[in-house]
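Novice:
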Ligand code: HPA
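Residue numbers (the numbering used here): 97 to 369.
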């Protein structure tokens, strides 16, 4: 089949043009780094210097959230001396969006000039050593949601869309300060948690952690050539690996507990890499 016949060629990389025109009067500084923060992991956005906050509902083309209490804000400003664009209230495919829609903030940040991307998420630990509270740098991912990635063309080959040199640099820098693991993140669409049998199958496939986000944005960032880093906060043992039944509130609670360390890590990365 000709590439032009593929259904996703209907999508455009220029869908951010109206948003760029809307943002132009704000005279935003070029964001060097895009930060997308997972549920319950967004507090760093409240500490940004000289921030400009823009509600996503006013931005033309920005996917409209249907989730009650959804923050839906972009925060522009400086963190550790770097200009950043922070997405508060990310877009999940389980809310009914396509991966292409979920990746809109990435296309927007790239169009504004961002060259680096740091994404965080909450995830269930599959690797036996990954207990709640573990921070895992994502070495690679598995798209188990079986959703086509949000690209209008095949893009460069993704041996891994995560920057290995960046990961190694961070592991070196944090050696004596912050305990970090490295592993493979597996994306399920959700919103239901997995069954014990699914987790057994995912472990056999090579997954170390499981979650419901990140892959659409990272796939898009890869096609746009952004240098990408993913950090999973392990908030629980994945289904069936512990006698405790999984609850969303517990996931948020553990996320809160590890926020300070995650924030120090993100600051260190911005400052020193
Ligand atoms: N499964 C899927 N997503 C998650 C989990 C989990 O166990 N924990 C946090 N997000």
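Where is the CB? At the ideal position from N, CA and C, for every residue including glycine. As the structure is a computational prediction, the values presented were derived from the model and not from experiment.
#1: Helix or strand or just coil, what does DSSP make of residue 190?
#2: Please name the residue, chosen from 173, 193, 356, that lies closest to residue 145 on a Cα-to-Cα basis.
#3: My assumption, with CB atoms under 8 Å, is that residue 171 sits in contact with residue 141. Please give the rounded CB distance.
#4: My output table needs one value for residue 362: the three-state DSSP class, helix, strand or coil.
#5: Report the option in 272, 114, 219, 362 whose CA atom is closest to the CA atom of residue 204.
#6: What residue does the alpha helix (DSSP H) around residue 203 start on, and which one ends it?
#7: From residue 208 to residue 112, what distance separates their C-alpha atoms?
#8: Should residue 284 be listed as close to ligand 1, given that the test is whether its C-beta is under 7 Å from any heavy atom?
#9: Ligand 1 and residue 303: does any heavy atom of the ligand fall closer than 7 Å to the residue's C-beta?
#10: So, is residue 332 buried or exposed, given that buried needs 16 or more other C-beta atoms within 10 angstroms?
#11: What is the DSSP secondary structure of residue 175, counted as helix, strand or coil?
Specialist: If we stick to the structure as given:
#1: Counting from 1 along the chain shown, the entry for residue 190 is found at position 94. In this structure, residue 190 counts as helix in the three-state DSSP scheme.
#2: As a position in the chain shown, residue 145 is number 49, starting the count at 1. If we check each option's Cα against that of residue 145, 173 comes out closest.
#3: Residue 171 sits at position 75 when you count from the first residue of the chain shown. Residue 141 sits at position 45 when you count from the first residue of the chain shown. Confirmed, about 5 Å.
#4: Along the chain shown, one-based indexing puts residue 362 at 266. Reduced to three states, the DSSP call for residue 362 is helix.
#5: Position 108 of the chain shown holds residue 204. Minimum Cα distance to residue 204 is reached at 114.
#6: Numbered from 1 along the chain shown, position 107 holds the residue referred to as residue 203. Taken as a continuous stretch (DSSP letters only), the alpha helix (DSSP H) holding residue 203 covers 200-208.
#7: Taking the first residue of the chain shown as 1, we reach residue 208 at position 112. Taking the first residue of the chain shown as 1, we reach residue 112 at position 16. So the two alpha carbons sit approximately 9 Å from each other.
#8: Here residue 284 corresponds to residue number 188 of the chain shown, with the count starting at 1. Residue 284: yes, Cβ under 7 Å from ligand 1.
#9: For the purposes of this step, residue 303 is identified with residue 207 of the chain shown, where counting begins at 1. No, Cβ of residue 303 sits at least 7 Å from all heavy atoms of ligand 1.
#10: The residue labelled residue 332 in the question sits at position 236 within the chain shown. When all chains shown are included, residue 332 counts as buried.
#11: Position 79 of the chain shown, counting from 1, holds the residue named residue 175. Residue state, collapsed to three classes: strand.
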